[in-house]
C-alpha cells in the first residue's frame, strides 16, 4: 500500500490465516487499511470510501509532506491450492493490484497483467 489515504509511504500489512485484529490509537489509519482492501477489490463508490470523488483516496499531503499523485495497493493471495479462476492458476500466488493516478482514473492488474473490474 503506497500513497493511499493516510499512507503516504509504502506500508505492508500482513493478514495471516485465522483471526486478524487491527488495533491502534485514533487517527493511525485502521479504517484506511480496511478501505484499502475494499478499494483494491473493486470498490467504485467514492462515498463508500469516505470521499467525494475517487481521487480522494490519494494521499492529499500535510504541512510537512507533499501530496502524492498516485496511490497503489497490491493484494497478495495464496493460490497454492489452485482455487483461482483457471486463467490465473499457473502461479502459487495471485497478485491483485489497483493503481489510481490523480485525474486519470484507476487501472487494475492481476499477476502484473492488465485487467478490468467486473
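Numbering (the numbering used here), first residue to last: 39 to 156.
No residue lacks a Cβ here, since even glycine has one placed at the ideal position from N, Cα and C.
Start-to-end residues for the alpha helix (DSSP H) that takes in residue i
i	result
residue 78	68–78
For residue j and residue i, the rounded distance between their alpha carbons
i	j	result
residue 82	residue 105	22 Å
residue 102	residue 44	13 Å
residue 120	residue 127	5 Å
residue 86	residue 116	27 Å
residue 146	residue 124	18 Å
residue 60	residue 98	23 Å
residue 129	residue 150	12 Å
residue 108	residue 48	12 Å
residue 67	residue 51	12 Å
Proximity winner among the options, relative to residue i (alpha-carbon distances)
i	options	result
residue 39	154, 155, 133, 156	133
residue 110	120, 75, 84	75
residue 96	49, 156, 137, 86	137
residue 89	73, 129, 46, 118	73
residue 100	46, 156, 155	46
residue 143	77, 150, 114, 149	77
residue 80	122, 113, 118, 131	113
Terminal residues of the beta strand (DSSP E) in which residue i lies
i	result
residue 139	131–139
residue 105	It is not in any beta strand (DSSP E) - residue 105 carries neither H nor E in the DSSP assignment.
residue 123	Note, residue 123: premise wrong, no beta strand (DSSP E); not H, not E.
residue 143	143–148
residue 152	151–153
Anticipated Cβ contact below 8 Å, residue i with residue j, distance rounded
i	j	result
residue 64	residue 42	The pair is not a contact, with the Cβ atoms about 19 Å apart (cut-off 8 Å).
residue 140	residue 93	5 Å
Short CB-CB distance (under 8 Å) between residue i and chain C
i	result
residue 51	Looking for chain C here will not work: only one protein chain is present.
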